[in-house]
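J.: First residue of the sequence shown? That's 15 in our numbering, and the numbers climb one at a time after it. Cβ atoms here follow ideal geometry from the backbone N, Cα and C, with glycine treated the same way.
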Amino acid sequence: MPKFYLTTAIDYSNGDPHLGHALEKVGADCIARYRRLRGDDVHFLMGMDEHSQAVIQAAEQNGKSPREWVDLMAARFVDFWARLEVSNDDWIRTTEPRHHEAVTELLRRIQQRNRDDLYVGDYEGLYCTGCEEFKQPAQIVNGRCIEHPTLELVPTRERNHFFRLSRYRDTLLRLITSGELRVDPAIRRNEIVRLLEDGLQDISVSRHRLAWGIPFPGDPDQTVYVWFDALINYLSATGFPAPGYERLWPADLHVVGKGITRFHCVIWPAMLLAAGEALPRQVWAHGYVQWEGTKMSKTAGTTVTLADAIERHGPDALRYFLLREVGFEADGNFSWERFDERYTADLADGLGNLVSRSLAMIGKYREGVVPVVQQDTSLDEAARKAVAAYGRAMDACDLRGGAEAAWELVATANLYIQQVAPWKLAKEERDTELDVALAALARALYRLAVIAEPFIPAKAAGIRESLGVAGGTWESLAAPPIRGAATSRPESLFPKPSSV
Ligand SMILES: [Zn+2]
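#1: With a floor of 4 residues, list each alpha helix (DSSP H) that falls wholly inside the stretch 188-273, ordered by position along the chain.
#2: Measuring straight from C-alpha to C-alpha, what distance separates Ala427 and Asp363?
#3: What is the DSSP secondary structure of His57, reduced to helix, strand or coil?
#4: Would you check whether ligand 1 has a heavy atom nearer than 7 Å to the C-beta of Glu166?
#5: Classify Thr487: buried if its beta carbon has 16 or more other beta carbons within 10 angstroms, exposed otherwise.
#6: Look up Leu132 in the DSSP assignment and give the residues it is bridged to.
#7: Near Glu115, what residues of its chain come up, given a Cβ to Cβ distance below 8 Å and the 5 sequence neighbours on each side ignored?
#8: Tell me the residue span of the alpha helix (DSSP H) that contains Ser93.
#9: Where does Asn428 sit, in a helix, a strand or coil, going by DSSP?
#10: May I ask you to check if the CB of Cys583 is nearer than 7 Å to at least one heavy atom of ligand 1?
#11: Are the Cβ atoms of Val518 and Met62 separated by less than 8 Å?
#12: Judging by CA-CA distance, which residue of Val117, Gln296, Asp216 and Ser370 is the nearest neighbour of Pro509?
#13: Could you check whether the stretch 20-29 touches the stretch 62-72, counting it as contact only if at least three pairs of C-beta atoms, one from each stretch, sit closer than 8 Å?
#14: Report yes or no: do three or more beta-carbon pairs, one from the stretch 377-393 and one from the stretch 443-453, lie closer than 8 Å?
#15: According to DSSP, what are the bridge partners of Cys159?
#16: How close, in whole Å, do the beta carbons of Glu343 and Pro199 come, if the pair is a contact with beta carbons under 8 Å?
#17: If you compare alpha carbons, which of Ser101, Trp95, Val269 and Pro511 is closest to Thr358?
#18: Figure out for me which residue from Arg326, Glu166 and His35 has the closest Cα to the Cα of Trp350.
#19: Candidates Ala289, Gly290, Arg295 and Glu291: which alpha carbon is nearest Cys279's?
#20: Closer than 7 Å to a non-hydrogen atom of ligand 1 - does that hold for the CB of His113?
#21: Looking only at its own chain, which residues have a Cβ that is under 7 Å from the Cβ of Val514, when we skip the five neighbours before and after it?
#22: In the DSSP assignment, what are the bridge partners of Arg107?
#23: When you compare only the Cα positions, how much space is there between Glu172 and Arg221?
#24: For ligand 1, is there any heavy atom lying closer than 7 Å to the beta carbon of His278?
#25: Which two residues bound the contiguous beta strand (DSSP E) that contains Tyr19?
#26: How many Å lie between Leu413 and Leu337 at the Cα?
#27: Just to check my reading of the structure: Leu167 and Leu140 have Cβ atoms closer than 8 Å, yes? What is that Cβ distance to the nearest angstrom?
#28: Does DSSP put Arg171 in a helix, a strand or coil?
Below, the structure is given as structure tokens:
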């Protein structure tokens, strides 16, 4: 069984998760569930970045110690991800001892391999507390950070430890252009290639004496810069430096937002090269969830809460909407109108209606038992095409394409019912034809329950349960094992609320 080690960005613990966080976690979860379906030994990591200065500020504002505050935040994030059915295998917090140990050891290895990769120097620049990063002129518009136009940049001058990032430019350019380190989608890869072609400056990797953070090895006056610290979480969670961590490392896929590709495609691989560690295989950078064309985030003051969005039509509907409509490859818009439309058309009238009509007819005409006939129909042919298109899209992290392929099968199956008109076959006592049609519909439902699972896990489980079958493997899609299965009528999968 090939291993598949998948991570998401770890989030700052300075406020509740929003829709942008949710898109990333749900998208990564969809990939994790799909890889499990394909038979991979998936290890899915998520966690919290707890050493940022924003934590100290948020804790103070709420009358708590940083420790109390991060504990509270971690519990809130865990609760939201559980509600959204995110199936991560591990949850790392950068305040854990296992992480401290890995950060210290990675810095030690960098020092050992190339003595001058880390050096002391003076830094003067404009610091964004939203990004926790010194900003370059190209990242500043109207005197503000591009990502955080509502925050003031802080002029900072310090003596810090520096990492000789410039040394790794040529190697990174070669690895990324050759595809040895895959950066996707292509628009993000091109941005990184341009950035590398423009040349790299060394970066400061410590801050002067912060009370909250990991002390810089060999220099207690300095604290490890929060980004340098945070990136190492992906390695800490493998058990590094204890023997056996290579069972998971290198990561097969880092899922991140498009705003932090420089950290994941430049700084992180350079750190690993400097320490002599293997590089991740792929970085996927998703876009932002926008609200009327602007980035949705706490600092931007957007008011749609994740709790409201989950409440609207339930967690599965939100997962589906984020991945199908907002999308995982570029920026996309969220609006209540569009969410309601998708819910009604794709889920209530589409999949929900198909499941309910098909099972009702199997119940009415065959006492709930799937007819034992094995005749291929046009619906089976359409299903095989849909499964193939779904697999191609999902392999390429094209989650929107995967959902489209699955829901095309929903539309085809609903059309099949209209064309074949089983009620007419029943009335005219054309029993063999009725058996063939009902069995074909049951196979379509089975296939949909399997391929829609990464998008709508709870509802897909409900469909399988109504079909009287457990689990569902990729291999079983060729010939669904449901002949003679005893089905039952489900509760309405996607009820239409009166407000819609
Ligand atoms: Zn910023």
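T.: In short, the structure shows the following:
#1: 200-211, 240-245 and 247-250
#2: 12 Å
#3: strand
#4: no
#5: exposed
#6: Phe177
#7: Ser250 and Pro255
#8: The sequence given here has Asp at residue 93, not Ser. Residues Pro80 to Arg97.
#9: helix
#10: Nothing can be reported for residue 583, as the shown portion of the chain is limited to 15 through 514.
#11: Residue coverage of the chain in this structure runs from 15 to 514, which leaves residue 518 outside it and unanswerable.
#12: Ser370
#13: yes
#14: yes
#15: Ile154
#16: 5 Å
#17: Pro511
#18: Arg326
#19: Arg295
#20: no
#21: Here Val514 scores only 44 on pLDDT, less than 50, and its place in the model should not be relied on; the value that follows carries that caveat. Asp354, Tyr357 and Thr358.
#22: Met62
#23: 8 Å
#24: no
#25: Lys17 to Thr22
#26: 6 Å
#27: 4 Å
#28: strand
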